[in-house]
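Peer 1: Per the numbering used here, the sequence shown starts with residue 9, numbered consecutively.
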Amino acid sequence: MSYDPGALHAALAAAVGEDSALIADLRVAFLESAARQLDLLGRARCDANWELAAWRLKGLAASFGLTALMALADEAAAAAPGDPRVLRRLQAALAGLDQT
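#1: Could you work out which residue in LEU102, PRO89, ALA37 is closest to GLY50 when comparing CA atoms only?
#2: Once DSSP output is grouped into helix, strand and coil, what is the label at LEU72?
#3: Is it right to say LEU62 is buried, meaning 16 or more other beta carbons lie within 10 angstroms of its own, or is it exposed?
#4: Between ARG93, GLN45, ALA21, which has its C-alpha nearest LYS66's C-alpha?
#5: Indicate whether ALA69 and ALA52 have their beta-carbon atoms separated by less than 8 Å.
#6: Three or more C-beta pairs under 8 Å: does that hold for the region 91-98 against the region 26-34?
#7: Roughly how many angstroms separate the alpha carbons of VAL24 and LEU95, rounded to a whole number?
#8: Can you give the Cα-Cα distance for GLY104 and ALA21, rounded to whole angstroms?
#9: Within its chain, find whatever has a CB closer than 6 Å to the CB of ALA84; leave out the 5 residues flanking it on each side and keep chain order.
#10: Is the beta carbon of LEU16 closer than 8 Å to that of LEU124?
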C-alpha cells in the first residue's frame, strides 16, 4: 500500500486553497495528531484503549480523505493491542505522509 504525501497536500489545498502557510500549519497539526494516536496505540494494553486510538486515527484520516490510512487504522482496530506488525505499518505510513 502506498502512502502519497501529495494526497495530504491535495486534501489540504482543496480545503483552504493555495495558502501555503496555512497548508503547512494544517499539515503539522495533522501529523502531530496522527503521531499522538500512534503513540496511544503503542502504549495501549487493553482492547478498549487500542480500539479508541485506532478509531480516532481512522477519523483523522477520513477528515483528509486518506483512504489507505483509514484502511490501515481499520486493520489496527481489529488487531490485538500492541500488535507490532500493525504498529510498524502505521509508522511507515505516517513517515510516508511526512515527506515533503
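Yeah, the Cβ is synthetic: ideal placement off N, Cα and C, and Gly gets one too.
Computed from a predicted structure; not experimentally measured.
Peer 2: Looking at the coordinates:
#1: Taking the first residue of the sequence shown as position 1, residue 50 is located at position 42. The shortest C-alpha separation from GLY50 is found at PRO89.
#2: Residue 72 sits at position 64 when you count from the first residue of the sequence shown. Sequence inspection shows Phe at residue 72; the Leu mentioned does not correspond to that position. Coil, per DSSP.
#3: As a first step, residue 62 is located in the sequence shown; it is residue number 54 there, counting from the start. Strictly speaking, residue 62 in this sequence is Ala, with Leu absent from that position. It counts as buried.
#4: The residue you call residue 66 lines up with position 58 of the sequence shown. Ranking the options by Cα distance to LYS66, first place goes to GLN45.
#5: Taking the sequence shown and counting its residues from 1, the one referred to as residue 69 is at position 61. Taking the sequence shown and counting its residues from 1, the one referred to as residue 52 is at position 44. Contact: no.
#6: no
#7: Within the sequence shown, numbered from 1, the residue matching residue 24 stands at position 16. Within the sequence shown, numbered from 1, the residue matching residue 95 stands at position 87. The alpha-carbon atoms of VAL24 and LEU95 are separated by roughly 31 Å.
#8: Translated into positions along the sequence shown, residue 104 becomes position 96. Translated into positions along the sequence shown, residue 21 becomes position 13. Their Cα atoms are separated by approximately 18 Å.
#9: Residue mapping note: residue 84 aligns to position 76 of the sequence shown, counting from 1. The residues are ALA62, VAL94.
#10: Not covered by the structure: residue 124. The range shown for the chain is 9 to 108.
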